[in-house]
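Here is the structure we will look at.
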Amino acid sequence: MTTHSISAPGKVILSGEHAVVYGYPALVSAVNMRLTLSLKAKSSKKTTKPILKMPTAEYISAYLKQNYAVNIHSDIPRGSGLGSSAAYAVSLATAYLSLRGKPTKKHINDLAFQLEKSHHGNPSGVDNTACTYGGYLWFRKEHQQLHLMHQLPITKKIQCFLLQSGQPKETTKDMIAYVAEQRKMNPEKYKKIFDKIESITKTWLAYMFDEVSRHTLLEAVRENHRLLSALGVVSPKASALIAEIEKIGGSAKITGAGGKSDGSGMLLIFHDDKEKLTKFAQKKKLKMYPVQLGERGVILT
Numbered sequence: 003m004t005t006h007s008i009s010a011p012g013k014v015i016l017s018g019e020h021a022v023v024y025g026y027p028a029l030v031s032a033v034n035m036r037l038t039l040s041l042k043a044k045s046s047k048k049t050t051k052p053i054l055k056m057p058t059a060e061y062i063s064a065y066l067k068q069n070y071a072v073n074i075h076s077d078i079p080r081g082s083g084l085g086s087s088a089a090y091a092v093s094l095a096t097a098y099l100s101l102r103g104k105p106t107k108k109h110i111n112d113l114a115f116q117l118e119k120s121h122h123g124n125p126s127g128v129d130n131t132a133c134t135y136g137g138y139l140w141f142r143k144e145h146q147q148l149h150l151m152h153q154l155p156i157t158k159k160i161q162c163f164l165l166q167s168g169q170p171k172e173t174t175k176d177m178i179a180y181v182a183e184q185r186k187m188n189p190e191k192y193k194k195i196f197d198k199i200e201s202i203t204k205t206w207l208a209y210m211f212d213e214v215s216r217h218t219l220l221e222a223v224r225e226n227h228r229l230l231s232a233l234g235v236v237s238p239k240a241s242a243l244i245a246e247i248e249k250i251g252g253s254a255k256i257t258g259a260g261g262k263s264d265g266s267g268m269l270l271i272f273h274d275d276k277e278k279l280t281k282f283a284q285k286k287k288l289k290m291y292p293v294q295l296g297e298r299g300v301i302l303t
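Under our numbering, the first residue of the sequence shown is numbered 3, with each subsequent residue one higher.
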């Protein structure tokens with residue numbers, strides 16, 4: 003029996019949260035948390051559904067299950083802003099398109115974006131693109147109908163950590179709407195914050211090209227946290243955790259839309275002493291994930 007395995011990575015936003023909504027750049031990285039979809043052909047195929055050009059996720063799932071034993075395993079925590087739904091969409095798209103030949107990354111990404119749209123309504127496309135191509139992705143929304151995405155020609159692997167600060171009570175949509183409301187009341191203040199966030203995103207870019215030191219980058223990560231706090235998207239609970247991480251020599255920020263009343267989702271942490279950070283997480287009874295940035299995109303075997 004023929005067996006296929008497709009795996010797609012999760013993703014983190016390194017810099018640019020919320021600012022990206024208003025035309026500022028964001029830098030996104032694929033991480034070594036992966037979703038794997040395995041297909042094992044059934045002895046007697048019962049293909050009754052035609053292969054469509056733009057199917058829904060439900061259609062693809064039904065099609066595959068009719069002809070294959072399907073198994074899904076994921077290391078990507080759901081609902082944490084790490085692209086779990088995009089990794090699933092990319093894996094589904096790859097599985098489906100591979101039935102017709104060897105799909106290109108562009109074809110996979112185009113279909114995965116359609117699947118994400120049917121699920122989320124109006125996604126930016128950055129999640130599925132990061133999960134498809136992997137590595138580091140520079141993203142900017144020039145217009146509602148024009149999103150520019152560029153995979154950086156960089157193979158640098160960077161070690162970091164993710165720590166769950168608690169599930170936000172607010173949705174991503176809630177947090178985006180909150181920032182929009184606050185921005186309307188004080189546009190100049192928010193422009194200054196977004197301009198500074200863009201500068202930090204460009205510091206990341208300079209670090210990728212070995213133009214600034216790791217120390218400079220980690221100071222920028224700390225400043226990024228201050229700016230996100232000024233936007234009101236970091237809860238007191240998450241801010242307290244970040245303050246403690248800084249006290250033990252680390253740098254941290256939220257990755258994603260955040261949350262203001264309880265948890266703020268995953269924290270992206272940089273620390274040179276893994277043991278010290280592990281003890282901190284254990285003391286707080288929080289789940290910590292060592293991760294590597296700049297990982298490969300979707301893989302079909």
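Virtual Cβ for every residue (Gly too), placed ideally from N, Cα, C. Since the model is a prediction, treat every value here as computed from it, not as a measurement.
Residues ALA21, TYR24, TYR26 of the same chain have their beta carbon placed closer than 7 Å to that of PHE196, with the five preceding and five following residues left out of the count. Boundaries of the beta strand (DSSP E) harbouring THR5: 5 to 17, taken from the DSSP string. For PRO238, the three-state secondary structure derived from DSSP is helix. Residue pairing from DSSP places ILE271 in a beta bridge opposite PHE163, ALA254. Nearest to ASN73 by alpha-carbon distance, out of VAL128, MET210, LEU39, ALA114, is LEU39.
With respect to the 8 Å criterion, THR174 and SER17 are not classified as neighbours on the basis of their beta carbons.
In this structure, DSSP gives TYR26 a state outside helix and strand, which the three-state scheme calls coil.
GLY261 and PRO170 do touch by the CB rule: their CB atoms are close to 3 Å apart, below 8 Å. ARG80 carries a coil assignment under DSSP once its states are collapsed to helix, strand and coil. In the structure shown, PRO155 adopts coil according to DSSP, grouped into three states. Under the three-state reduction of DSSP output, ASN188 falls in the coil class, being neither helix nor strand. Non-local C-beta neighbours of ARG80 in its own chain, meaning closer than 6 Å and more than five positions away in sequence, comprise SER86, ordered along the chain. Short of 8 Å from the beta carbon of LYS239, and not among the five residues preceding or following it, lie these beta carbons of its own chain, in chain order: SER167, GLY168, ASP264, GLY265, SER266. When secondary structure is reduced to three states using DSSP, VAL72 falls in the strand class. Restricted to the stretch 105 to 151, the alpha helix (DSSP H) segments that are unbroken, complete and at least 4 residues in length are 107 to 122, 128 to 135, listed in chain order. By the criterion of a C-beta distance shorter than 6 Å, TYR192 is surrounded in its chain by ARG185, once the five residues flanking it on both sides are discounted. Excluding the 5 residues flanking it on each side, GLU172 has same chain C-beta neighbours closer than 6 Å at GLY261, in chain order. Going by beta carbons, ASN69 and ALA97 fall outside the 8 Å limit.
Taking the CA atoms as reference points, MET187 sits about 21 Å from SER237. The residue among SER93, LEU165, ILE78, LEU154 with its C-alpha nearest the C-alpha of PHE211 is LEU154. Note that the stretch 139 to 153 does not touch the stretch 280 to 291; fewer than 3 beta-carbon pairs, one per stretch, sit closer than 8 Å. Of the residues assessed, HIS75 falls on the exposed side of the cut-off, its CB having fewer than 16 other CB atoms within 10 angstroms. Considering only ASN34, LEU243, LEU233, LEU139, the residue with the shortest C-alpha distance to ALA179 is LEU233. Contact between GLY136 and ALA71 does not hold, since the beta-carbon distance rounds to 27 Å and is not under 8 Å.
The Cβ atoms of CYS133 and GLY299 sit closer than 8 Å to each other.
For the set ASP274, LEU29, PRO11, the Cα lying nearest the Cα of PHE163 is the one of ASP274. The Cβ atoms of GLY12 and LEU84 sit closer than 8 Å to each other. Boundaries around VAL223 are those of the alpha helix (DSSP H), 216 to 233, since no beta strand (DSSP E) includes it.
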